[in-house]
Structures are given as structure tokens and as C-alpha cells.
Amino acid sequence: MEKKGCFFALLAGMTWATMGGLGVVLGGLGLTPYEIAFNRLFFGFLLTAIFLCKKGKEKLKVDKKGFIYILIIGIITQGCTNIFYFSAVNISGSIVATLLICTGPLFTMIFSSFIFKEKLTKFNLISLAITMVGCLFVIVNGDIKKMNFDVAGIGFGLLSGLTYGLFPILSKKLEGKYDSEVIISYAFGVGAVVVFLFCDFDSLILEYSNTNIVAISLLLGLLPTGIAFFLFLKSMNYIPVVKASIISLVEIPTTAIIGMLYLNEVVTLSGGIGIFLVLGGIWISKFK
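Going letter by letter, the sequence shown gives residues 6 to 293 in my numbering.
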């Protein structure tokens, strides 16, 4: 059962990795970072809701308590995470922002030890440390001069890591009480409403006349949103939230490999070392 959980977490991380490439394409088509974030959540909500409708409309019903969970998860882990992340991107650049959102599993580990009483084993700590160092090597990719350590940017980046790290915690709290797939689907919708406040409505409507933008946005809503989150939720049925979060960091080296293969990006020796460190850290996480 543990192997199944690790497999789902790996698939989730690898699927999340498609977000970078799809985001680059949408950026090239003229979308702002907030518009990309809105499209991701909006189309993610539409696609997952359609999928759940096919399983029966009864699946979509939630009570008052479930609705409150939706608002909390949607606002904090979807809306706020995207706002904080892209604010960090605008201030300090994508390298610092991406590095700091990767602190999510660290916050997950801290919250998990208090809320779920999960024991922090030495292997968990070593695994997370090695994996995060590997992420640093991959993201910087041999050019640390690109990093802009602005105080505000770092603050927003750490907040994005904090809210991102709360996702597995809040989702785990739903286990056995509500259909987590329904909750996260609606949470995408709530998050989309929050991010929409930072977008220009007229600009969005104009962009939707471009079929390429709509097609790429649908992929963004399907792969690194709907499918990735569903896989991650599935992994937590078999393994602890901390292990699932660490394994999902395979997203970072996978993103680098996708960029090298399809976006003509160069992975330096530093980036290569980082990839091996991340994979090594994930391998260590299997020990108890």
C-alpha cells in the first residue's frame, strides 16, 4: 500500500511540473501572471466539476460544514498561494519565488507534527533537507546572481510556501468526513474568484477569443491542477502527509527536464547535481 501512495505522489509531482511550460506558453501569448493563475483555477474547477457530475450529481452536494471547508481551502491554499507566489515573482523574480514556495513541505512537516502527531523521524528530516538543497541547485541552475533577495519578495515567497504547505494538512482533516475530490474541485472555484480580483475582466474576455489561449488554459486546468491535485489527495490515503509532500517535490527536477527537452533551456552541472539530490532525498524518504 505504501508503494501505491509513493507512486501517486510521484505522479502528482511530475504532473505539477507541466505547469511551468504551459505558463511560459500563456505568458508568450500575452497573459499576465495573475491571468495565468486565474485560468488555471477556473478551468481546473470547470473540468473537475464536469468529471464529478458524470459520477452523479449527488457527489456534488456538501453540507454547511463542508462549505466552510471549501471556503477555507479555496481562499488559503488556492487563492492566497497564487497571489503570494506571483507577488513574489513580480518583486524578486521566478527563481526566488519558486525556491520559497518549495518550503511548503517544511511547513507541512511542522503542522503535521502538532495536528496529526506524526513523528518527525531522522529520515524525514534528512530527506527534506537534501531534497530542498537539490531544489535550490536546480532552480538556481548555476547562476546565483539571478536571485533578487528583496525583503518583500522573500516575505511573499515564504507566505506562498506556508499556504501551499497547509493544503495537505487541511485536506487530510477531511478524510472520512467529506469527498475530498469534491471539496478541492469547489476550492478551485473559490480560489479563482479570489485571484480574479487581481485580473482585468475586459482583458480576459478579449483573450478568450484566441483559441490557442483557451486550449492551453484547458491543459493547465487539467494536468497541473485537476489531475495533479487528485493524485496527491489519493497518495495521502496510503502514506503520511509529510512523505507525500517531500516526494511531490520531484516536480522541480521534472520541470527542469521538460524545459530542457521542449523549451530549449540548458541544465548546467549545478542543475544536474540538484536533480540527483532531489531524487536521492525522495529515495531516503522511504525509510522509517
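Using N, Cα and C, we set each Cβ at its ideal position, and we do this for glycine too. Note that this is a predicted model, so its numbers are computed, not measured.
With 16 other Cβ atoms within 10 Å as the buried cut-off, status of residue i
i, result
"Leu-130", "exposed"
"Leu-172", "For the sequence presented, residue 172 should be read as Phe rather than Leu. With 16 or more Cβ atoms within 10 Å of its Cβ, Phe-172 is classed as buried."
"Phe-348", "Residue 348 cannot be examined here, being either before or after the span of the chain that is shown, 6 to 293."
"Trp-21", "buried"
"Leu-282", "buried"
"Asn-146", "buried"
"Ser-214", "exposed"
"Glu-212", "buried"
"Lys-182", "exposed"
"Val-195", "buried"
"Phe-72", "exposed"
Assumed close pair residue i, residue j - CB separation to whole angstroms, cut-off 8 Å
i, j, result
"Thr-108", "Gly-166", "4 Å"
"Tyr-169", "Thr-82", "7 Å"
"Leu-36", "Ile-218", "7 Å"
Residue j beta carbon less than 7 Å from that of residue i
i, j, result
"Val-101", "Gly-160", "no"
"Leu-125", "Ser-118", "yes"
"Tyr-39", "Phe-203", "yes"
"Val-143", "Ala-261", "yes"
"Leu-27", "Leu-225", "yes"
"Phe-206", "Phe-50", "no"
"Ile-251", "Ser-290", "yes"
Rounded straight-line distance, which links the Cα of residue j to that of residue i
i, j, result
"Ala-54", "Gly-84", "18 Å"
"Ile-287", "Tyr-74", "31 Å"
"Leu-179", "Phe-13", "19 Å"
"Ser-97", "Thr-103", "10 Å"
"Leu-34", "Ile-88", "21 Å"
"Leu-105", "Leu-57", "33 Å"
"Val-247", "Pro-110", "7 Å"
"Leu-65", "Ser-185", "11 Å"
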